[in-house]
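Taking our numbering, the leading residue of the sequence shown gets 292, the next gets one more, and so forth.
Heads up, the thing below is written out as structure tokens.
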Amino acid sequence: MIPLENIAELPSFHRATIVPEYLDAMGHMNIRWYMAIFDDAAWKFFDHFGMNIEYYQREQAGGFALQHFIRYLAEVRLGETVAIHTRILGRSAKRIHFMHFMVNETTGVLAATLEVLGSHADMRVRRTSPYPPYIAEKIDAILQEHTRLNWEAPVCGVIQP
Numbered sequence: 292m293i294p295l296e297n298i299a300e301l302p303s304f305h306r307a308t309i310v311p312e313y314l315d316a317m318g319h320m321n322i323r324w325y326m327a328i329f330d331d332a333a334w335k336f337f338d339h340f341g342m343n344i345e346y347y348q349r350e351q352a353g354g355f356a357l358q359h360f361i362r363y364l365a366e367v368r369l370g371e372t373v374a375i376h377t378r379i380l381g382r383s384a385k386r387i388h389f390m391h392f393m394v395n396e397t398t399g400v401l402a403a404t405l406e407v408l409g410s411h412a413d414m415r416v417r418r419t420s421p422y423p424p425y426i427a428e429k430i431d432a433i434l435q436e437h438t439r440l441n442w443e444a445p446v447c448g449v450i451q452p
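What follows is the structure in structure tokens.
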């Protein structure tokens, strides 16, 4: 699919080693834990451009998940370590389109991807709202870096920012 060297160009926002509680009856990581690990990475990714707990409280703002598309590509098993790398694909005034790549560092394969459409939110009215300029500028700077990558992200083709 994508050479791991290419994915390694992206920042990593979370790493986890699979514990027995993450396994299902087939002896591999249950789907619920993929989302938990991706979610842990998302919080650190948002913090990367200034959307952290202090921001949420100060601005009475937040974010909403609008769409997810997950691809399971290879099993993840007990004791293996995965890292989540993230690429911004696009942005509008209110929305961000990004993709997480779960790399199994133990086996050296891409285990899963999660494509996400999220939005900024005004929590006073609980509605989507535009990113403030200083957050939008940070997102745009990262997007500009990611746009220069010489490989296409494996998008599902359904999510539109």
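Where a beta carbon is used, it is the ideal one built from N, C-alpha and C, also for glycine.
As the structure is a computational prediction, the values presented were derived from the model and not from experiment.
If we call anything under 8 Å between Cβ atoms a contact, is Pro421 one with Ala384? Position 130 of the sequence shown holds residue 421. Position 93 of the sequence shown holds residue 384. Contact flag set, yes.
What are the start and end residues of the beta strand (DSSP E) that includes Tyr363? Counting from one through the sequence shown, the residue named residue 363 turns up at place 72. Bounds of the beta strand (DSSP E) holding Tyr363 are 352-363.
Can you give me the C-alpha to C-alpha distance between Tyr363 and Glu350, rounded to a whole angstrom? As a working note, residue 363 is residue 72 in the sequence shown. As a working note, residue 350 is residue 59 in the sequence shown. Spanning the two alpha carbons is a distance of roughly 36 Å.
C-alpha distance - His305 paired with Thr397, whole-angstrom precision: The residue given as residue 305 occupies position 14 in the sequence shown. The residue given as residue 397 occupies position 106 in the sequence shown. Distance between the alpha carbons of His305 and Thr397 is about 15 Å.
I'd like the list of long-range same chain contacts for Ala444, defined as Cβ closer than 7 Å, with 5 residues on each side in sequence excluded. Taking the sequence shown and counting its residues from 1, the one referred to as residue 444 is at position 153. Excluding positions up to five away in sequence, the list reads Arg378, Leu380, Met390.
In angstroms with no decimal places, state the Cα-to-Cα distance between Ile293 and Met320. Within the sequence shown, numbered from 1, the residue matching residue 293 stands at position 2. Within the sequence shown, numbered from 1, the residue matching residue 320 stands at position 29. Straight across, the Cα-Cα distance linking Ile293 with Met320 is about 22 Å.
Per DSSP, which residues does Leu405 bridge with? Please list them. Looking up residue 405 in the sequence shown gives position 114. Looking at the DSSP assignment, Leu405 forms a beta bridge with Ile361, His391.
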